[in-house]
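The sequence shown begins at 1 in the UniProt record's numbering and counts up one residue at a time. Accompanying notes for the structure given below.
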Amino acid sequence: MVRLACIGTNFITDWLLEGIREVEGIELSAVYSRTMEKGKEFAAKYGVDKVYDNYEELAKDPEIDAVYVASPTYCHFKHTMMMLNHKKHVLCEKPVASNLTELELMIQAAKENQVVFMEAMKSVHTPGFKAMKEHLPKLGTVRRATIQYCQYSSRYDKFKNGIIENAFKPELSNGAIMDIGVYCVHFLAALFGMPEKILADAIFLDNGVDGAGSLIASYGDKQAEVIYSKITNSKLPTQIQGEKGCMIVSECPNPREIKILYNNGSEEIIECDSRSNPMNYEAQTFVELIETGQTDHPYLEASVMEMKIIDEARRQTGIVFPADKITEQ
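Below, the structure written as structure tokens:
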């Protein structure tokens, strides 16, 4: 049994814990929060007695095997490194780090300590994403992809009323590309690999945070558009265009409805297991990697490419985080 602790007590942690209820071999054993009161309140929902308000003490606990890191993005590095260096397996929420330098140090620490480190990128662990990859050759030579995720944030209404919550604070390594765009970028990297070049642009709000953006990724023989936003909604699906047909994917973060429209006018519906909360799939993968001792697993490659692409997009658009200056030292 993998004895799991969580760092972070927000709704994302609730989703993950809801997901692991369906996964054998893992259970919540401890909770960390900056305040003991909030930690105990969260732990009580899951019948957990062990609560920490000091994450170093959590890291030293010999009765904890793994940690789910769901703290704000700028904290991912310090929390993850502490856990890895105390030989805890780590499942870290997306985006996995503030920049590539942080991620590379995390991967190095995981390998040195022989523990599993994985980004909690739910989309690529779903049956839908695996079905996409399996059926992609039916499109023939792929020439273009439009990958998009535009979701009007409820926090944006507060932003317009002068209440700036964490999701709109760049000093916390947040913003549209990190919160929303990361799904599209990881999706791109996992499907097609590292682009030869990218061209990025962004829309900035009054406090300097990016509210939306796009990038063009060139692969020589094909091109991909990545479109993301926290300040508008889109009703258009993600699509992948090949010389024999076009694949339509309903949701980039959770591919569930997939169909291929062929050039001859025929249509194929791709059947796959799906659920509204896909986080049990990533939890299942995490447990399997631990059980099989796969510290150097293939999911790390897409996370590295994700950070490379985002770092370059931020360089082109002038998005700088305090965390960048820390890791440059």
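Ideal Cβ placement from N, Cα and C applies to all residues, glycine included. From a predicted model like this one, the values you see are computed outputs, not experimental measurements.
Kindly indicate which residue of the options has the alpha-carbon position closest to the one of residue i.
i           : options            : result
residue 203 : 28, 314, 76        : 314
residue 131 : 300, 254, 277, 321 : 254
residue 240 : 251, 234, 122, 233 : 251
residue 158 : 150, 93, 149, 168  : 168
residue 86  : 118, 295, 110      : 110
residue 84  : 65, 249, 211       : 65
residue 184 : 217, 103, 299, 70  : 217
residue 317 : 296, 285, 210, 237 : 210
residue 62  : 71, 88, 79         : 88
residue 122 : 39, 276, 292       : 276
residue 140 : 171, 119, 233, 246 : 246
residue 188 : 153, 163, 133      : 133
residue 120 : 186, 163, 145      : 186
residue 205 : 80, 156, 226       : 156
residue 170 : 107, 72, 18        : 72
residue 306 : 281, 242, 226      : 226
residue 295 : 256, 228, 90       : 90
residue 228 : 51, 153, 256, 260  : 153
residue 334 : 14, 127, 38        : Since the first and last residues shown for the chain are 1 and 329, residue 334 lies out of range.
residue 144 : 192, 107, 108      : 192
residue 14  : 242, 70, 1, 260    : 70
residue 2   : 256, 196, 285      : 285
residue 298 : 47, 256, 107, 260  : 107
Would you mind stating whether residue i and residue j have Cβ atoms separated by less than 9 Å?
i           : j           : result
residue 194 : residue 309 : yes
residue 283 : residue 190 : no
residue 125 : residue 258 : no
residue 129 : residue 105 : no
residue 74  : residue 16  : no
residue 213 : residue 200 : yes
residue 244 : residue 262 : yes
residue 142 : residue 222 : yes
residue 20  : residue 279 : yes
residue 293 : residue 114 : yes
residue 166 : residue 174 : yes
residue 31  : residue 287 : no
residue 198 : residue 172 : no
residue 300 : residue 118 : yes
residue 103 : residue 249 : no
residue 36  : residue 53  : yes
residue 233 : residue 164 : no
residue 138 : residue 268 : yes
Below 8 Å on the Cβ atoms is my contact criterion, and I expect residue i with residue j to pass it. Report the Cβ-Cβ distance as a whole number of Å.
i           : j           : result
residue 56  : residue 82  : 6 Å
residue 29  : residue 9   : Actually they are not in contact, since the Cβ atoms of residue 29 and residue 9 sit about 15 Å apart, beyond 8 Å.
residue 230 : residue 311 : In fact, because the Cβ distance is near 20 Å, the residues do not count as touching under 8 Å.
residue 290 : residue 116 : 5 Å
residue 95  : residue 182 : 4 Å
residue 177 : residue 93  : Not a contact, Cβ separation roughly 16 Å.
List the DSSP bridge partners of residue i.
i           : result
residue 223 : 144, 218
residue 93  : 120
residue 5   : 30, 67
residue 149 : 228
residue 129 : BP columns for residue 129 are empty, so no partner.
residue 213 : 202, 228
residue 261 : 246, 267
residue 238 : 249
residue 197 : 218
residue 287 : DSSP, once it has assigned bridges, lists no residue as partnering residue 287.
residue 320 : Partner(s): none; residue 320 has no beta bridge.
residue 51  : 31
Give a yes or no on whether the minimum CB-CB distance between residue i and chain C is below 9 Å.
i           : result
residue 193 : No chain C appears in this structure, which consists of one protein chain only.
- Query: Do the stretch 92-104 and the stretch 320-327 meet, that is, are 3 or more Cβ pairs less than 8 Å apart?
  - Reply: yes
- Query: For the 8 Å Cβ check, are there 3 or more pairs between the stretch 269-285 and the stretch 43-61?
  - Reply: Judged by pairs of C-beta atoms under 8 Å, the stretch 269-285 does not touch the stretch 43-61, as fewer than three such pairs exist.
- Message: If contact is defined by three or more beta carbon pairs under 8 Å, each pair taking one atom from either stretch, is the stretch 35-53 in contact with the stretch 140-151?
- Response: no
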